[in-house]
Structure formats: C-alpha cells, structure tokens
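For the sequence shown, the working numbering begins at 56 and goes up steadily by one.
C-beta atoms are modelled at their ideal positions from N, C-alpha and C, and glycine is treated no differently.
Just so it is clear, the structure is predicted and the values come from calculations on it, not from any experiment.
First the structure, in the form of structure tokens, and then the observations on it.
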Amino acid sequence: LLDGEMAGTGDDFGTALVGAKAAFGVGNPDTTIVSTTSINDGIWHHVAATRDSVSGEIKLYIDGTLENSLVTSATGVRAPTNLRIGSIRTGGAGSFLAGNIDDARIYNYVMSATEIGLLLNTPPSLAAISNRVIMAGTILKITNSATDVGAPPQILSFSLAGTPPAGASINPSNGIFNWRPTVAQGGTTNLFTLQVADNGTPVMTDAKNFSVVVNRPASPGLSNASITNGQFRLTISGDFGPDYAVLASTNLTSWISIFTTSQPTLPFLFRDSNLTNSNQRFYRVRLDP
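Spelled out as structure tokens, the structure:
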C-alpha cells in the first residue's frame, strides 16, 4: 500500500495487503500486525498506521477503528530514503497492488484516533447565508448549497438545528429553506442555524447562522366606501405580504368571513353584492396568516 521495505532485516517499515487483510510492519526485528477486517471486498477502505519511534508502539486502523496494536523493540529512525505507493519498495514480481489507492499521506508525528477519524471523512462545506429582512406574511425561500470533497462522494442532508420558529422548514435533500412568518411573528428577529451533514463514518457536519428580521405589517386602510347599483365597494390598502380577509357583521358581535385574497396587489377593490339598502352591515379586514 505504502511501503519502505529494505533488503534483509534493516530498519524499515511498510503497509501491505496480506491475503485479505491490511498489515503494518517494522524491521529490526521484523514485526507485523494484521487487521481483523478484510479489505479486498471491492469497496473503499481507509487504512492508517502509526509508529511511535520512542516507545516502539505500532497501531493499525481500518475505517477509523483501531484493530491491532503492539509495542515493539524497533525504535529510532527508519532507514528508507524513499517510499513506493502501490508496490513493495524493492519491486519484483507479485509486489504490485491490484487495486486503487486514493489520498496517500505521511505525517511526521503520531496521529491520535480522533485525527485519524477526521482523515477518514472530510467535513462538508456549507455556503454562507446572508441575513434577511422581510414582511410578516411574505414567503421566504432560500436555496442553500454545500460541497464535500470526500472520496467516494458523500450523500449530504440538511436540517435546522435547535428549535426554529414555528412554520420554518428545510428540505433535507436539496437544502431549500422555506418560511412564511405569521402576522403574530411580526416585529421579531429570528436566528437560524442551518446544518449540513454527510453520511460518512464518522458523520461530519458544517453549520451556518443567519438572521431573519420580520417586520410587522401596517394596519390595513379602508377608503372610498360606496354603494353602486346595490353593490357595496371598498378600497383596501396596506403592505404586501399577508393575505387579506374581509369579515362582515350585522351586530358587531358575530363576524363571518366573506372574502379572502392571497397576497394581493395593493390597493385592491372589494365588492359585496349581498348588501341591500334595507340592512345594515359592518366590515372589518384581517391580515393572515
């Protein structure tokens, strides 16, 4: 896999495929440890080996899990002046790996199990999200994007961390955020934490914060009330965003909804054909949701 084999019993080292298992060995004296997991199954595996030149301890990790370790008497500096990837360093028939190798690395210190886990899976990267200022009742849609440089490619999923305001949601597959704040949520500042996670081992995440200021809409304005040919007409004005519902009553106690329009262009003309000259009717306008 990544090898520094020297002829004889010199101060060498190397990682290799021994049968179906991964192996890591040092020389002088020749000492080898072997994984418990088979890695010749046609899928990607992460193989990591560490050696402490002071204590002589060697460790072998497969897919981020420590599978074998041993304290040896092979301490000090190693002899190889060069290494080979995918072959025993000394070459020769049968010394080449029949497989694929990606992202071979060498470090000049003993990595911890946590650091090896991070090597196994690279965190995704979530694009920055700008803050927003919207009117209550307005539909806010934010298309989010994230990337992951891991190999093989990871499946990413999106979520809203914590307890987001009521009504806010995100599509876990494509990261599209949707929220239509209610009129009651007007006059608030809302902090969101959007998180993306991969499906690697261990699971890695990235998160971005953004705020949404929700302005309170103005009270609707009613003007130009008139009756023409038995039809009551009323001009309704206000802020764009909410739905506008017109309610009617004959006694100011019991109200019924007689007209609703979804995010209308303002001002708009309301008409009531049910009003006659012989009855009295009161009107009120409610903003929804």
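Item: Assuming asparagine 57 is part of the beta strand (DSSP E), what are its boundary residues?; Value: It is leucine, not asparagine, that sits at residue 57 in the sequence shown. Here the beta strand (DSSP E) through leucine 57 covers 57–59.
Item: Should the stretch 291–299 be regarded as contacting the stretch 267–281, the criterion being three or more beta carbon pairs within less than 8 Å?; Value: yes
Item: Using 7 Å as the threshold, is the C-beta distance between phenylalanine 68 and glycine 74 below it?; Value: no
Item: Spell out the partners DSSP gives asparagine 284 in its beta bridges.; Value: In the DSSP output, where bridge partners are listed per residue, asparagine 284 has none listed.
Item: Give a yes or no on whether the minimum CB-CB distance between phenylalanine 325 and chain D is below 7 Å.; Value: Judged by its chain identifiers, the structure shown contains no chain D, having just a single protein chain.
Item: Which residues bound the beta strand (DSSP E) around isoleucine 189?; Value: 187–190
Item: Where does leucine 173 sit, in a helix, a strand or coil, going by DSSP?; Value: helix
Item: How would you write the range of the beta strand (DSSP E) that threonine 243 sits in, first residue to last?; Value: 243–252
Item: Just to confirm, are isoleucine 113 and threonine 92 a CB contact at a threshold of 7 Å?; Value: no
Item: For a test of the three-state rule: what should DSSP assign to valine 238, helix, strand or coil?; Value: helix
Item: Looking only at its own chain, which residues have a Cβ that is under 8 Å from the Cβ of leucine 121, when we skip the five neighbours before and after it?; Value: Lys114, Leu115 and Ala168
Item: What would DSSP say about asparagine 78, mapped onto helix, strand or coil?; Value: It is worth fixing the name first, because residue 78 is alanine in this sequence and not asparagine. Alanine 78: strand per DSSP, three-state reduction.
Item: So, with DSSP's three-state summary, where would you put alanine 201?; Value: strand
Item: Would you mind stating whether leucine 57 and isoleucine 140 have Cβ atoms separated by less than 7 Å?; Value: yes
Item: Ends of the beta strand (DSSP E) at isoleucine 156?; Value: Taken as a continuous stretch (DSSP letters only), isoleucine 156 belongs to no beta strand (DSSP E), as it is neither H nor E.
Item: Assess contact between the stretch 149–158 and the stretch 230–248, defined as three or more Cβ pairs (one per stretch) separated by less than 8 Å. Is contact present?; Value: no
Item: Rounded to whole angstroms, what's the CA-CA distance from serine 128 to phenylalanine 79? Just pull it up for me.; Value: 15 Å
Item: How big is the Cα-Cα spacing for glutamine 209 and glycine 131?; Value: 40 Å
Item: Do serine 304 and phenylalanine 337 come within 7 Å of each other at the CB atom, strictly closer than that value?; Value: yes
Item: Which parts of the stretch 284–332 are runs of the beta strand (DSSP E), unbroken and 3 residues or longer, counting only runs that do not cross its ends?; Value: 286–292, 298–304, 311–316 and 323–327
Item: Could you please give the first and the last residue of the uninterrupted beta strand (DSSP E) stretch that includes serine 212?; Value: 212–215
Item: Using 10 angstroms around the beta-carbon of lysine 196, count the other beta-carbons present and answer buried if the total reaches 16, otherwise exposed.; Value: exposed
Item: So, with DSSP's three-state summary, where would you put alanine 103?; Value: strand
Item: Taking 7 Å as the cut-off, decide whether the C-beta atoms of isoleucine 88 and asparagine 123 are in contact.; Value: yes
Item: Could you check whether histidine 100 and leucine 175 sit closer than 7 Å to each other, using their CB atoms as the reference points?; Value: no
Item: Below 7 Å between beta carbons: does that hold for threonine 290 and proline 322?; Value: yes
Item: Tell me which residue opens and which closes the beta strand (DSSP E) that threonine 87 is part of.; Value: 86–93
Item: Please look up how many angstroms separate the CB atoms of isoleucine 83 and aspartate 107, rounded, as I've assumed it's under 8 Å.; Value: The question names isoleucine, yet the displayed sequence has asparagine at residue 83. Not really, about 16 Å apart at Cβ, beyond 8 Å.
Item: Where aspartate 298 and isoleucine 189 are concerned, what is the direct C-alpha to C-alpha distance, given to the nearest angstrom?; Value: 15 Å
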